[in-house]
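Residue numbers (this note's numbering): 5 to 423. Data first, discussion second: the structure below is written as C-alpha cells.
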C-alpha cells in the first residue's frame, strides 16, 4: 500500500489510530516523482511492490517532502528483503538530491548501509554495516561492523541535531557529528541480485517528548560491601511516542553505563561510602526522562551476602523424593534421573532433569534473578552429568562440569575442568 503525503497526515489526525505513525510511506508499487527525486539507476515496481537496483552503480530516491516540524531532524526506515547473497542497501539522511553511494558516490549525506549480505551453507546470514558521511562526494566511514542479518531486516537511521542513531536488528549505535545540518531522507541500493529488494520505506517525524520516568516507589536495593544491586519497574514511553529504548545509570554525576532491562549491579563501590544513583529512561529518539534518584550507603568492610547457596554438609535439608530444600534459604536442588548410557569400558553418564533455584535471591530489595538463562528457559533443564556455574561477582565467567553439558551448545567429556 502506498500512502500519499496528505493521506499520511490524515492518518496522524485520526482518533484511535496507532500512536506513532510515518508522515510518508512507500511500498514502491510505482515511482512517484511527486515525492521522490531519482539519482542514478533504480527500478521500482516491475510486477510487484519493490525497489531494486541491479545496476552495479545503482542509485537512490531522495525525498522531496518537507519534514512536518520544519527541521532537518527525523527518522527514515526501510525493510530489506533478502533471499540470496549480495547487493548493497542504503538509508540516507540530510542528503542532497544527487546523493548515492554506488558508482564512486556523489552528493552530501549521512548514510547507513548494509553491504554484501551473505548466506553460508547453513543459511546463516552476515553483512557488513557501515555508516558514512559525505561532503560533496568525498565520503568518510564513521563506523563499520560485521552483523548478523535475516531474510527481512529493518534498518533505521535517526538524525537529531548533531546525533546519529543507527539501528539494525538488535544492534544500536550512536554517532556524534555536526558537519551536515540540512537535507532530506532517502533510500538507495546497488548491485542487487534477483530475489532481493527494499519495501517499504518510511519517513517519521522526530519524537521530542520524553518517556515516562522510573517510578521511584518501585526501586529496590540490595547493598553489600563490594556491590550494590538496583532493580525497578520496567520502562515505557509516552502514549504517542516512538518507543522505550534503555536506561542510563549515573552515580554521583558520572555515567556508569546503560541497560535495556530494569536491573543494574554496580561492582565498583567502596565499603561504608554513601552514593547517589540516578536512573534515567531513554526513548528511541534519545529523549531523556527526569531521573529517579536514590541514595545508598555501602555495607561495612567484611560484610558478607546473607544468601546461602549450594548444598552444605552442615545444612538442614528436607525432601521426601530426593529433593534438597534448604530450610534456611529456601533454595531447592533436585535431580530426576531419566536414562543412563554406558559404554563397554564401563564409562557412562546419566541424563537427568535438574532444577536449581540458587540463581534467585529474595531480600528487602525484592526478588532478584542473579544468573543468566542458558537459552532453554528458567526452571527444569535436561543435563548429562552435572553442571555448575562459576561466577565473578555478578558476571558468569564459565562452567565447571564432571561429565557432559548439553546446554552450553557443545557436548564434550571433561573431568572437573572449567568449560
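The C-beta atom is built at its ideal place from N, Cα and C for all residues, glycine as well.
Please return the same chain residues whose Cβ sits closer than 6 angstroms to the Cβ of residue 337, not counting the five positions on each side in sequence. In chain order, 315, 328 and 360 place their CB closer than 6 angstroms to the CB of residue 337, counting only its own chain and leaving out the 5 sequence neighbours on each side.
Give the secondary structure of residue 396 by DSSP, where H, G and I count as helix, E and B as strand, and everything else as coil. Any answer about residue 396 is weak, because its pLDDT of 49 lies below 50 and its placement is not dependable; what the coordinates show is given next. Strand at residue 396.
Between which two residues does the beta strand (DSSP E) carrying residue 237 extend? Run containing residue 237: none; DSSP gives neither H nor E here.
Where residue 86 sits in the DSSP three-state scheme: The three-state reading of DSSP puts residue 86 in coil, since its state is none of H, G, I, E or B.
Environment of residue 183 [buried if 16+ CB atoms lie within 10 Å]: With fewer than 16 neighbouring CB atoms inside 10 Å of its own CB, residue 183 falls in the exposed class.
For a quick check, are the C-beta atoms of residue 273 and residue 54 less than 8 angstroms apart? Going by C-beta atoms, residue 273 is not nearer than 8 angstroms to residue 54.
Closest residue to residue 76 among 98, 118 and 85 (Cα-Cα distance): Closest option to residue 76, Cα to Cα, is 98.
If you run the structure through DSSP and keep just helix, strand and coil, what is residue 155? Assignment of residue 155 by DSSP, reduced to helix, strand and coil, places it in the coil class.
Please name the residue, chosen from 185, 103, 304 and 386, that lies closest to residue 343 on a Cα-to-Cα basis. It is 386 whose Cα lies nearest to the Cα of residue 343.
Any beta strand (DSSP E) of 3 or more consecutive residues that is wholly inside the stretch 266 to 348: Runs found: 267 to 270, 278 to 287, 296 to 301, 328 to 330 and 336 to 346.
What does DSSP give as the partner residue(s) for residue 143 in the beta ladder? Beta-bridge annotation (DSSP): residue 143 is paired with 138.
Alpha carbon of residue 33 to alpha carbon of residue 56, nearest angstrom: Roughly 12 angstroms separates the two Cα atoms.
CB-CB under 8 angstroms to residue 398, same chain, minus the five flanking residues each way: which ones, in chain order? Interpretation of residue 398 is limited by its pLDDT of 47, a score under 50 that renders its predicted location unreliable; the figure taken from the coordinates is listed afterwards. Closer than 8 angstroms at the Cβ level, and outside the excluded window around residue 398, lie 231, 233, 269, 271 and 374.
Contacts around residue 117, its chain only, beta-carbon distance under 8 angstroms, and the 5 residues preceding and following it disregarded: Hits under 8 angstroms: 92, 93, 94, 95, 105, 133, 134, 135 and 136.
Excluding the 5 residues flanking residue 196 on each side, which residues of the same chain have their C-beta closer than 7 angstroms to its C-beta? 56, 57, 58 and 91, listed in sequence order.
State the start and end residues of the unbroken beta strand (DSSP E) segment that holds residue 41. Looking at the DSSP string, the run of the beta strand (DSSP E) that includes residue 41 is 40 to 44.
Please go through the same chain and pick out, in chain order, the residues whose beta-carbon is closer than 7 angstroms to the beta-carbon of residue 238, but skip the five residues on each side of it. Excluding sequence neighbours, residue 238 sits near 266.
Which same chain residues end up closer than 8 angstroms to residue 151 when comparing Cβ atoms and leaving out the 5 residues on each side of it in sequence? Within its own chain, the residues whose Cβ lies closer than 8 angstroms to the Cβ of residue 151, once the five positions on either side in sequence are excluded, are 130, 131, 132, 133, 172, 173 and 175, listed in chain order.
Reducing DSSP to helix, strand and coil, say where residue 371 ends up. Per DSSP, reduced to three states, the secondary structure at residue 371 is strand.
Contact defined as beta carbons within less than 8 angstroms: I believe residue 304 pairs with residue 229. What is the distance between those atoms, to the nearest angstrom? Here residue 304 really is in contact with residue 229; their C-beta atoms are around 6 angstroms apart, less than 8 angstroms.
Between the stretch 61 to 78 and the stretch 43 to 53, are three or more C-beta pairs nearer than 8 angstroms? Contact between the stretch 61 to 78 and the stretch 43 to 53 is present: three or more C-beta pairs spanning the two stretches fall below 8 angstroms.
Taking the alpha-carbon positions, what's the residue 72 to residue 208 distance? Each residue's Cα considered, the two are about 9 angstroms apart.
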